[in-house]
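Have a look at the structure below before the remarks.
2 protein chains.
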Amino acid sequence: MTSPQTEKQFLKTYNIHDYDLPLVSVDIAIFSVIDDKLNVLIVKRAQHPRKGKWALPGGFINLSVDKTIDDAAHRKLAGKTGVTNAHLEQVVSVGNSTRDPRGWSVTIAYMALVSVDAVVLKKDDSSEEVVWTPVDRLSKNHNLAFDHSKILESCHKRLKDKVRYTSLPVNLLPPDFTLTELQRIFEVILAKSVEKKSFRRRILDAQILEETGNFRGGSTRPAKLYRVTDNKTNHFFTRNIEGTR
Amino acid sequence: MTSPQTEKQFLKTYNIHDYDLPLVSVDIAIFSVIDDKLNVLIVKRAQHPRKGKWALPGGFINLSVDKTIDDAAHRKLAGKTGVTNAHLEQVVSVGNSTRDPRGWSVTIAYMALVSVDAVVLKKDDSSEEVVWTPVDRLSKNHNLAFDHSKILESCHKRLKDKVRYTSLPVNLLPPDFTLTELQRIFEVILAKSVEKKSFRRRILDAQILEETGNFRGGSTRPAKLYRVTDNKTNHFFTRNIEGTR
DNA sequence: AGAATAGTGTCTGTCAGACATTATGAC
DNA sequence: GTCATAATGTCTGACAGACACTATTCT
Numbered sequence: 001m002t003s004p005q006t007e008k009q010f011l012k013t014y015n016i017h018d019y020d021l022p023l024v025s026v027d028i029a030i031f032s033v034i035d036d037k038l039n040v041l042i043v044k045r046a047q048h049p050r051k052g053k054w055a056l057p058g059g060f061i062n063l064s065v066d067k068t069i070d071d072a073a074h075r076k077l078a079g080k081t082g083v084t085n086a087h088l089e090q091v092v093s094v095g096n097s098t099r100d101p102r103g104w105s106v107t108i109a110y111m112a113l114v115s116v117d118a119v120v121l122k123k124d125d126s127s128e129e130v131v132w133t134p135v136d137r138l139s140k141n142h143n144l145a146f147d148h149s150k151i152l153e154s155c156h157k158r159l160k161d162k163v164r165y166t167s168l169p170v171n172l173l174p175p176d177f178t179l180t181e182l183q184r185i186f187e188v189i190l191a192k193s194v195e196k197k198s199f200r201r202r203i204l205d206a207q208i209l210e211e212t213g214n215f216r217g218g219s220t221r222p223a224k225l226y227r228v229t230d231n232k233t234n235h236f237f238t239r240n241i242e243g244t245r
Numbered sequence: 001m002t003s004p005q006t007e008k009q010f011l012k013t014y015n016i017h018d019y020d021l022p023l024v025s026v027d028i029a030i031f032s033v034i035d036d037k038l039n040v041l042i043v044k045r046a047q048h049p050r051k052g053k054w055a056l057p058g059g060f061i062n063l064s065v066d067k068t069i070d071d072a073a074h075r076k077l078a079g080k081t082g083v084t085n086a087h088l089e090q091v092v093s094v095g096n097s098t099r100d101p102r103g104w105s106v107t108i109a110y111m112a113l114v115s116v117d118a119v120v121l122k123k124d125d126s127s128e129e130v131v132w133t134p135v136d137r138l139s140k141n142h143n144l145a146f147d148h149s150k151i152l153e154s155c156h157k158r159l160k161d162k163v164r165y166t167s168l169p170v171n172l173l174p175p176d177f178t179l180t181e182l183q184r185i186f187e188v189i190l191a192k193s194v195e196k197k198s199f200r201r202r203i204l205d206a207q208i209l210e211e212t213g214n215f216r217g218g219s220t221r222p223a224k225l226y227r228v229t230d231n232k233t234n235h236f237f238t239r240n241i242e243g244t245r
């Protein structure tokens with residue numbers, strides 16, 4: 001048949017299964033700071049392939065459940081942590097013929113920033129264990145299944161880049177926090193110490209925080225508690241923070 | 001059968017076609033500056049769906065030809081422009097159930113920066129026309145097929161962001177260029193004028209250019225020609241350029 | 001009072017913006 | 001010489017780093 005076809009006719013005869021398609025999954029590096037260390041959530045795979053190996057949480061897009069790839073990422077995040085409103089950001093997509101033994105595969109990698117005490121770890125039938133692990137024990141070595149060490153590295157790099165010119169790390173803290181706690185988060189990600197006065201000036205001048213009116217008391221001078229002003233969770237500075245040493 | 005399975009056995013019985021998979025494509029916003037305007041390459045679709053409509057160049061990953069998604073993007077770029085070594089950068093992936101009438105579909109969007117005189121426009125059986133169009137005539141309106149206006153907007157935003165803190169726009173020029181020409185490129189993307197002295201100081205201090213020794217002569221004082229020092233095509237500045245007005 | 005942490009005052013250095021000035025070509 | 005564009009000199013302002021200082025709590 002060579003007569004022109006309408007789009008409707010075209011779609012009627014079009015069959016997805018006539019073509020070879022890659023597998024498509026979503027993987028997430030879920031970051032939190034625990035005991036002054038950047039941690040990432042990893043799961044022990046309960047299913048083939050790479051059964052028994054550690055990997056980033058993730059899995060295939062479920063075409064009947066997920067309306068969008070962001071939905072899929074949120075579903076995976078909530079499935080492992082119970083967290084539904086974390087900062088979730090697409091980082092990179094990786095696709096090639098060799099990364100998954102099941103065939104040509106594409107994964108869309110996300111990073112999530114959560115406060116550790118907002119998380120309730122949950123296993124499911126895809127993962128027999130779910131644990132926080134310090135990133136510095138994983139990044140470089142090839143400890144994770146598939147290419148997840150590489151993917152983690154990309155996400156870690158994105159986070160390290162953004163800490164220098166955004167206020168994004170506020171998402172790693174609970175709603176109320178002190179400036180010292182916030183500074184500590186920045187120092188942990190930067191892996192450098194930060195000068196106190198410059199840090200406070202930078203954050204306070206950006207007008208992204210407001211005082212809660214409460215204080216965190218220790219055995220020393222109590223510190224003012226702050227919270228993020230509505231929708232100011234990702235301020236971009238015009239100059240990088242570099243830190244000292 | 002409930003006895004434990006090896007990975008090999010698992011893979012033997014695993015069949016991709018047992019699962020519903022999204023369509024996966026690559027789309028590219030190929031940018032160049034022509035007549036002091038930021039242009040993007042668009043194609044008139046020769047095939048259904050959206051036949052006859054304008055769209056970004058792109059198409060499905062070919063599992064037997066492309067080893068990686070970057071390969072696929074390079075293939076599409078070369079197919080329309082003949083350019084094989086341009087700056088090509090992954091921007092964002094978009095996937096949902098509604099963007100393509102053929103079904104649940106994911107596209108990995110790239111942007112490419114090319115010098116217009118390195119390009120030889122080529123049609124093929126997927127596109128009956130291939131043309132440069134000023135971005136400001138497309139961005140906001142919904143002129144492009146599928147969600148390509150949105151995707152173009154994401155790529156345009158990435159470019160506008162990067163012009164403020166990187167030297168990336170050098171990729172929009174031919175190998176040899178004057179500082180005034182480079183400044184013009186920055187101004188076009190920023191949509192702002194840039195102060196000459198600051199611009200030169202910024203670029204020259206970054207040590208990303210070297211003098212060719214030649215000059216571009218007009219009817220006025222000839223300008224020094226520069227080229228990019230090897231592998232210095234994407235310098236990151238610690239402070240943003242903002243421009244005036 | 002002393003220890004410890006919170007928070008400020010203020011100087012310096014770097015780099016972008018502003019704008020005046022000089023340099024070099026064609027005519 | 002004039003005109004046009006290339007290139008520089010130099011002042012200002014914004015903001016990060018350094019570091020000494022003060023403030024507030026507990027014991």
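From first to last, the protein sequence lines are chains P and C. Here the first sequence is numbered in our numbering, starting from 1 and rising by one per residue. Here the second sequence is numbered in our numbering, starting from 1 and rising by one per residue. Positions of the beta carbon are idealized from the N, C-alpha and C atoms, including for glycine.
1. Which residue comes first and which comes last in the alpha helix (DSSP H) that contains Lys-197/C?
2. Could you tell me which of Glu-242/P, Asp-27/P and Thr-178/P sits nearest to Phe-215/P, measuring between CA atoms?
3. Listed from N- to C-terminal order along the chain, which residues in the segment 65-89 of chain C have their beta-carbon within a distance smaller than 7 Å of any beta-carbon of chain P?
4. Could you tell me the distance, in whole angstroms, from the CA atom of Glu-195/C to the CA atom of Gly-243/C?
5. Which residue marks the beginning of the beta strand (DSSP E) containing Ile-28/C, and which one marks its end?
6. Leaving out the 5 sequence neighbours to the left and right, which residues in its chain are closer than 6 Å to Pro-49/P when beta-carbon positions are compared?
7. Who are the near neighbours of Asp-147/C in its chain, counting only those whose CB is closer than 7 Å to its CB and skipping five residues on each side?
8. Evaluate the contact criterion for the segment 158-177 of chain C versus the segment 31-46 of chain C: three or more CB pairs, one atom per stretch, below 8 Å.
9. Val-163/C versus chain P: which residues are under 9 Å apart at the beta carbon?
10. Suppose the cutoff is 7 Å on Cβ atoms and the five residues either side in sequence are ignored; what does the same chain contact list for Val-92/P look like?
11. Once DSSP output is grouped into helix, strand and coil, what is the label at Met-1/C?
12. Please report the straight-line C-alpha distance between Arg-201/C and Ile-208/C, rounded to a whole angstrom.
13. Return the residues of the segment 14-37 of chain C that lie within a Cβ-Cβ distance of less than 8 Å from chain P, sorted by chain order.
14. Rounded to a whole number of angstroms, what is the C-alpha to C-alpha distance between Ala-191/C and Tyr-14/P?
15. So with Cβ pairs under 8 Å, would you call Val-194/C a contact of chain P?
16. Assess, as a yes-or-no matter, whether the segment 107-121 of chain C is touched by the segment 77-86 of chain P under the definition of 3 or more beta carbon pairs within less than 8 Å.
17. Helix, strand or coil, according to DSSP, for Glu-89/C in the structure here?
18. Which residues in chain C have a C-beta closer than 7 Å to the C-beta of Lys-51/P? List them in chain order.
19. With 8 Å set as the bound, which would you pick, yes or no: does the beta-carbon of Ser-126/P sit closer than that to a beta-carbon of chain C?
20. Quick check: Leu-56/P and Ile-189/P, are their CB atoms within less than 8 Å of each other?
21. With a cut-off of 8 Å, does the C-beta of Thr-238/P fall near any C-beta of chain C?
22. Ser-256/C versus chain P: which residues are under 8 Å apart at the beta carbon?
23. Could you run through the segment 92-113 of chain P and flag, in chain order, every residue whose CB is less than 7 Å away from some CB of chain C?
24. Going by DSSP, which residues form a beta bridge with Ala-46/C?
25. Just the Cα atoms here: how many angstroms apart are Met-1/P and Asp-124/C?
26. Have a look at Ile-28/C and Arg-137/C and give me their C-alpha separation to the nearest angstrom.
27. What three-state label does DSSP hand Val-94/C in the structure shown?
28. Taking its Cβ as the centre, do 16 or more other Cβ atoms sit within 10 Å of Phe-186/C, making it buried, or is it exposed?
29. Less than 8 Å between the beta carbons of Phe-277/C and Leu-21/C, yes or no?
30. By DSSP, does Leu-159/C sit in helix, in strand, or in coil?
31. Along the beta strand (DSSP E) that carries Lys-192/P, what are the first and last residues, could you check?
32. Assuming Lys-80/C is part of the beta strand (DSSP E), what are its boundary residues?
33. Which residues mark the beginning and the end of the beta strand (DSSP E) in which Leu-225/C is found?
Checking against the coordinates, here is how it stands:
1. As a working note, residue 197/C is residue 197 in the second sequence. Its alpha helix (DSSP H) spans residues 196-205.
2. Start at 1 with the first residue of the first sequence, and residue 215/P comes out as number 215. Nearest option by C-alpha distance: Thr-178/P.
3. So the list reads Lys-67, Thr-68 and Ile-69, given in the order they occur along the chain.
4. Taking the first residue of the second sequence as position 1, residue 195/C is located at position 195. Taking the first residue of the second sequence as position 1, residue 243/C is located at position 243. C-alpha separation (whole angstroms): 7 Å.
5. Translated into positions along the second sequence, residue 28/C becomes position 28. It spans 23-34 - the beta strand (DSSP E) in which Ile-28/C sits, taken as one unbroken run.
6. Position 49 of the first sequence holds residue 49/P. Within the same chain, Pro-101 come within 6 Å of Pro-49/P by CB-CB distance, once the 5 residues on both sides are set aside.
7. In the second sequence, counting from the first residue as 1, residue 147/C sits at position 147. Taken in chain order, the residues that qualify are Val-94 and Arg-99.
8. yes
9. As a position in the second sequence, residue 163/C is number 163, starting the count at 1. Going along chain P, no residue has its Cβ under 9 Å from Val-163/C, so there is no contact; the nearest lies around 14 Å.
10. Against the first sequence, residue 92/P aligns to sequence position 92. The residues are Ala-109 and Ser-154.
11. Taking the first residue of the second sequence as position 1, residue 1/C is located at position 1. With a pLDDT of 48 at Met-1/C, under the threshold of 50, the modelled position of that residue is not reliable, and the figure given next carries that caveat. If DSSP states are grouped into helix, strand and coil, Met-1/C belongs with coil.
12. As a first step, residue 201/C is located in the second sequence; it is residue number 201 there, counting from the start. As a first step, residue 208/C is located in the second sequence; it is residue number 208 there, counting from the start. Cα-Cα distance, rounded: 12 Å.
13. Residues passing the 8 Å Cβ filter: Tyr-14, Ile-16, His-17, Tyr-19, Asp-20, Leu-21, Pro-22, Leu-23 and Val-24.
14. Numbered from 1 along the second sequence, position 191 holds the residue referred to as residue 191/C. Numbered from 1 along the first sequence, position 14 holds the residue referred to as residue 14/P. Each residue's Cα considered, the two are about 44 Å apart.
15. By 1-based counting over the second sequence, the position of residue 194/C is 194. Val-194/C does not count as touching chain P.
16. no
17. To locate residue 89/C, count along the second sequence from 1; it is residue 89. Strand at Glu-89/C.
18. For the purposes of this step, residue 51/P is identified with residue 51 of the first sequence, where counting begins at 1. For the C-beta of Lys-51/P, the chain C residues within less than 7 Å are, from N- to C-terminus, Glu-7.
19. What you label residue 126/P is simply residue 126 of the first sequence in a count that begins at 1. No, Ser-126/P lies away from the interface with chain C (no Cβ there is under 8 Å from its Cβ).
20. Position 56 of the first sequence, counting from 1, holds the residue named residue 56/P. Position 189 of the first sequence, counting from 1, holds the residue named residue 189/P. No; because the gap between Cβ atoms is not below 8 Å, this pair is not in contact.
21. The count along the first sequence starts at 1 and reaches residue 238/P at position 238. By the rule that beta-carbons nearer than 8 Å mark a contact, Thr-238/P touches chain C.
22. The displayed coordinates of chain C run from 1 to 245. Any statement about residue 256/C would go beyond what the structure contains.
23. Answer set for the segment 92-113 of chain P: Val-92, Ser-93, Gly-95, Asn-96, Ser-97, Pro-101, Arg-102, Gly-103, Trp-104, Val-106 and Ile-108.
24. One-based indexing of the second sequence puts residue 46/C at position 46. BP columns for Ala-46/C are empty, so no partner.
25. Position 1 of the first sequence, counting from 1, holds the residue named residue 1/P. Position 124 of the second sequence, counting from 1, holds the residue named residue 124/C. No answer about Met-1/P holds up, because its pLDDT of 48 lies below 50 and its placement is not dependable.
26. On the second sequence, residue 28/C is found 28 positions in, with the first residue counted as 1. On the second sequence, residue 137/C is found 137 positions in, with the first residue counted as 1. Distance between the alpha carbons of Ile-28/C and Arg-137/C: 18 Å.
27. Counted from its first residue, the second sequence places residue 94/C at position 94. DSSP places Val-94/C in strand when its eight states are reduced to three.
28. Taking the first residue of the second sequence as 1, we reach residue 186/C at position 186. Classification for Phe-186/C: buried.
29. This structure cannot speak to residue 277/C, because chain C is shown only from 1 to 245.
30. Position 159 of the second sequence, counting from 1, holds the residue named residue 159/C. Of the three classes helix, strand and coil, the one that applies to Leu-159/C here is helix, per DSSP.
31. Translated into the one-based positions of the first sequence, residue 192/P becomes position 192. Annotation: Lys-192/P is outside any beta strand (DSSP E) and is labelled neither H nor E by DSSP.
32. Taking the second sequence and counting its residues from 1, the one referred to as residue 80/C is at position 80. Per DSSP, Lys-80/C is not a residue of any beta strand (DSSP E); the alpha helix (DSSP H) it occupies stretches across 69-81.
33. Indexing the second sequence from 1 puts residue 225/C at position 225. Unbroken beta strand (DSSP E) run through Leu-225/C: 223-228.
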